[in-house]
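For the record, the sequence lines run as chains A and B.
For the record, in the first sequence the residue sitting at position 392 is 392 according to our numbering, with numbers rising by one throughout.
For the record, in the second sequence the residue sitting at position 46 is 46 according to our numbering, with numbers rising by one throughout.
There are 2 protein chains.
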Amino acid sequence: MESAPVRVGMLGCGNVGAALLILINEQHAAVARRTGLALEVGAVAVRDPGRDRNVPVDPGLFTDDPASVVANPEIDVVVEVMGGIDPAHRLVVEALERGKPVVTANKELLASHGPELYALAEGAGVDLLFEAAVAGAIPIMRLLRESLAGEPITRVMGIVNGTTNFILSRMAEEAMPYGEALAEAQRLGYAEADPTADVEGIDAAAKAAIMASLAFGVRVTADDVYREGISSITSEDIEFAGRLDHCIKLLAIAERRDVGDGPNIGVRVHPAMVPLDHPLASVRDSFNAVFVEGEAVGELMFYGRGAGGRPTASAVLGDLINAAGNLRRSHGARIGNLQPAVVTPIEELESAYYLEVEVDDRPGVLSRVAAVFGDHDVSIRSMEQEGLGVEARLIFITHAARERDLRATLEGLDGLDAVRSVGSMLRVVGD
Amino acid sequence: MESAPVRVGMLGCGNVGAALLILINEQHAAVARRTGLALEVGAVAVRDPGRDRNVPVDPGLFTDDPASVVANPEIDVVVEVMGGIDPAHRLVVEALERGKPVVTANKELLASHGPELYALAEGAGVDLLFEAAVAGAIPIMRLLRESLAGEPITRVMGIVNGTTNFILSRMAEEAMPYGEALAEAQRLGYAEADPTADVEGIDAAAKAAIMASLAFGVRVTADDVYREGISSITSEDIEFAGRLDHCIKLLAIAERRDVGDGPNIGVRVHPAMVPLDHPLASVRDSFNAVFVEGEAVGELMFYGRGAGGRPTASAVLGDLINAAGNLRRSHGARIGNLQPAVVTPIEELESAYYLEVEVDDRPGVLSRVAAVFGDHDVSIRSMEQEGLGVEARLIFITHAARERDLRATLEGLDGLDAVRSVGSMLRVVGD
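Structure, rendered in structure tokens:
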């Protein structure tokens, strides 16, 4: 059954790379039996080839010259797990141009240069696979590319950042303030010393761009993604959400909009209120999940580890087996030709909203507040009032409204004498 | 981009078949753009070709001779959605022997003749794809075959029967007795007039056999699967489970056992107590989900619609695109050579258990009951006692124990004078 070995060239050997080398070694026989493929590591490019890495690889295979790995005619498949844009971008382009399939876990690279790289791979007829770049161990890329290739997908919503999900879970379950939950995430190694990329949604926006490209077959980069993070979410927001049987999740949302000619999509990352009986609400701690809605398939959800060396390496190995198999069979895994997309700005997208407003507690105020909503075509679904002495807190949930109209409503409320402050605004998703 | 059309021959045109024909028609342009494939329906075999089916297909393509569809040299790919063993078995064998890829949604056929058909497809180098046979719209087959091809999977646990999950959800959420929940499922069309195949776990056992084959690369048929249904689950069981922060789910479980030489597996279907914070507990109503545990990947869960014409047709279309693509590229989707498996009988498998025992409420009884557990090496994790006048109810949760020992414990308890009755026994999973 076993054919000639497929030689793998690795660029990088950090957490994921080391876990991959161990997994390739452990699973060699099982992979050969089930797929007929013999994977063999041919070279590993690292910064310091002399360092002991405790991986089952001949030390002579380490090199500090990644370009030599890509150029080596003995190398059949390139695995890029070095991260960052440069030199990863140049090396991946070089490999594809040489007709070598590439497996990468580099979301940053794909979110900025994805459309260019997909087209290059498509043109060269070689695989560019990147399961590990979005939602770690969850095989969402393959599902979007293959299982759902014929499905009219309408929306993809993901909890794709484990750090922020951990923080929001702690805030909800332990009634912890944001700062304390962040500190715990940092202590446990879930958050970096500078947590900006996670908590401001930058990491999630990169993944949103990749998911939108594959779900809708369009060219989207991270710059197209509207983005809000979780750093302004308060314990009170979480408490009010709970009272309304909702939780707060940072969601990456890509959706098809049936307007105009050609593909028109919305793509955004922001905290959202999610009803507690929605499957996404059950995704806790640092887990990830992607919820897919399609016209035929209905609702699907995929849940798993979003990060970590071994889970991510498992996803890379799945891609590597796929690429190696396609190599032996001389064809590539197709992405298809991506179309340019009209990305609808957030102002034109529709959502239901949660709004918290503090007002003077005197007669006539509620009617004036409600008039502001009506003036801007925002219809109120429910309202709760809570007295706080001389002031009162109003909690509104609206019906679906345009973001532009909601923002105008916020401005209108700000201009009312009786309104002391407009507190949190959160989009409500999944009701 | 578009190559010559791929001609599809359909065997059967019921719910799923009709939904597939509509979906192929609707998605024709999108599929061509994304995959370069032009799918064209070439023939549809049905019992009554004269009947109006309201599908976008030339009426002249209907025939009552399924063998002619398989034999037709104009037909490139065969889609079997007729169900049942005969004549589906003969037709699928015939198609594979002619070198035609087959897409089927027929779990009954695969659960009884799967290993034979997989070997036939493998030998002929053609695709046999059957995503829709297990958990409907959830692409679990592709994940096991491809994404997780290199993963050391340890256990797969599925809620793979929507009818029983609906019944158990109603019993838990509306405190409905079993009979009433079953009647509602029948009223809503979720359960058949004769519900045996669903409620006794026969349907789930067929799916367990298929999942075990793919997860562990071994030959397993439905006859190898230990099976218990839900018809004896009472409202009290559900209530006690709830008090212990568990719910009751009918699970199909396939697990690897690290004993002996060669692959040794356990495969079973039975109701199980699942902790409320386990992802499977959030799977409600008629939804399905499959939970996968692997050494590298950690925990994964896939959630979606288990049945219904459109969701199932979406899964069939995904397979059809895959098979059509492989046809153009002249290679098949590999299952690999399945190994014979040692299937461990249920008596040797380990689990934690929930036991409810009614005893005389007098001194010394608990110690005699506990001694029976100890005599059979079953260790008690927790016990709750509830007085009921002259008798008392004891609720035990055990540590992991062998089924054989647990059964001996039950017999021992039955033989005690002070024990009035041994009530429910449920396996506890996911703690």
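Ideal Cβ placement from N, Cα and C applies to all residues, glycine included.
Residues near residue i by beta carbon distance below 6 Å, same chain, minus five either side
i                 : result
Ala-445 (chain A) : The requested residue 445 (chain A) does not occur in the structure, where chain A is confined to residues 1 to 431.
Pro-177 (chain A) : Ser-235
Ala-19 (chain A)  : Gly-309, Arg-310, Ala-313
Val-428 (chain A) : Met-273, Ala-352, Tyr-354
Glu-386 (chain B) : Arg-393
Ala-95 (chain A)  : Val-70, Val-78, Val-102
Ser-421 (chain A) : Glu-358
Ala-67 (chain B)  : none
Rounded Cβ spacing between residue i and residue j (contact assumed at less than 8 Å)
i                 : j                 : result
Val-343 (chain A) : Ile-230 (chain A) : That pair is no contact at about 23 Å.
Val-274 (chain A) : Glu-228 (chain A) : Val-274 (chain A) to Glu-228 (chain A), Cβ: 15 Å. No contact.
Ser-286 (chain A) : Phe-166 (chain A) : 4 Å
Gly-309 (chain A) : Asn-15 (chain A)  : 4 Å
Ile-138 (chain B) : Val-290 (chain B) : 6 Å
Met-301 (chain B) : Pro-271 (chain B) : Not really, about 19 Å apart at Cβ, beyond 8 Å.
Asp-65 (chain A)  : Arg-47 (chain A)  : Actually they do not touch by this definition, with Cβ atoms about 11 Å apart.
Ile-397 (chain B) : Arg-381 (chain B) : 5 Å
Leu-426 (chain B) : Val-419 (chain B) : No, Leu-426 (chain B) and Val-419 (chain B) are not in contact; Cβ-Cβ is about 18 Å, not under 8 Å.
Residue i classed as buried or exposed, judged by whether at least 16 other C-beta atoms fall within 10 angstroms
i                 : result
Ser-147 (chain A) : buried
Pro-363 (chain A) : exposed
Leu-388 (chain A) : exposed
Val-390 (chain B) : exposed
Thr-312 (chain B) : buried
Glu-356 (chain A) : buried
Ala-149 (chain A) : buried
Val-199 (chain B) : buried
Arg-170 (chain B) : buried
Asp-319 (chain B) : buried
Thr-196 (chain A) : exposed
Glu-74 (chain B)  : exposed
Val-259 (chain A) : exposed
Leu-188 (chain A) : exposed
Ile-238 (chain B) : buried
Ile-210 (chain A) : buried
Leu-25 (chain B)  : At residue 25 (chain B) the sequence reads Asn, which differs from the Leu that was named. By the neighbour-count rule (16 or more Cβ atoms within 10 Å), Asn-25 (chain B) is not buried but exposed.
Ser-255 (chain A) : Checking the sequence shown, residue 255 (chain A) turns out to be Glu, not Ser. Under this definition Glu-255 (chain A) is a buried residue.
Met-1 (chain B)   : Any reading at Met-1 (chain B) must be qualified, since the residue scores a pLDDT of 43, below 50, and its modelled position is unreliable; the value itself is stated next. The residue is exposed, with fewer than 16 neighbouring Cβ atoms inside 10 Å.
Ala-29 (chain B)  : exposed
Ile-140 (chain B) : buried
Cβ-based neighbour list, residue i, same chain, cut-off 7 Å, excluding 5 preceding and 5 following
i                 : result
Gly-99 (chain B)  : Ala-124, Val-126
Val-57 (chain A)  : Leu-21, Val-41, Val-44
Thr-434 (chain A) : Limits of chain A in this structure are 1 at one end and 431 at the other, which puts residue 434 (chain A) out of reach.
Glu-295 (chain B) : Pro-152, Thr-154
Ala-206 (chain A) : Lys-107, Glu-108, Ala-111, Ala-222
Ala-241 (chain A) : Cys-247, Ile-248, Met-273
Val-378 (chain A) : Thr-398, Ala-401, Asp-405, Leu-406, Thr-409
Bounding residues of the beta strand (DSSP E) (the contiguous stretch that carries residue i)
i                 : result
Gln-186 (chain A) : Note, Gln-186 (chain A): premise wrong, no beta strand (DSSP E); alpha helix (DSSP H) at 178 to 187.
Phe-291 (chain B) : 287 to 294
Arg-427 (chain B) : 419 to 428
Tyr-190 (chain A) : Counting along the chain, Tyr-190 (chain A) falls outside any beta strand (DSSP E), and DSSP gives it neither H nor E.
Leu-251 (chain B) : 246 to 256
Asp-360 (chain A) : 350 to 360
Arg-155 (chain B) : 153 to 159
Extent of the continuous alpha helix (DSSP H) to which residue i belongs
i                 : result
Asp-237 (chain A) : 235 to 243
Asp-375 (chain A) : 365 to 375
Pro-263 (chain A) : Where Pro-263 (chain A) is concerned, there is no enclosing alpha helix (DSSP H), given that its DSSP letter is neither H nor E.
Leu-117 (chain B) : 107 to 124
Gly-17 (chain B)  : 15 to 26
Thr-409 (chain B) : 403 to 414
Phe-216 (chain B) : 202 to 216
Glu-97 (chain B)  : 88 to 97
Leu-276 (chain A) : It is not in any alpha helix (DSSP H) - Leu-276 (chain A) carries neither H nor E in the DSSP assignment.
Neighbourhood of residue i by C-beta distance below 8 Å, restricted to the same chain and skipping five residues each side
i                 : result
Ser-88 (chain A)  : In the sequence on display, residue 88 (chain A) carries Ala and not Ser. Leu-11, Glu-80, Met-82, Thr-104, Asn-106, Leu-109, listed in sequence order.
Ala-185 (chain B) : Thr-163, Phe-166, Ile-167, Arg-170, Ala-191, Pro-195
Glu-173 (chain B) : Arg-284
Closer than 8 Å at the beta carbon, the chain E residues around residue i
i                 : result
Phe-302 (chain A) : Any reference to chain E falls outside this structure, whose protein chains are A and B.
Three or more C-beta pairs below 8 Å linking the stretch 240 to 247 of chain A and the stretch 213 to 230 of chain A: no
Stretch pair the stretch 102 to 109 of chain B + the stretch 74 to 83 of chain B: three plus CB contacts closer than 8 Å: yes
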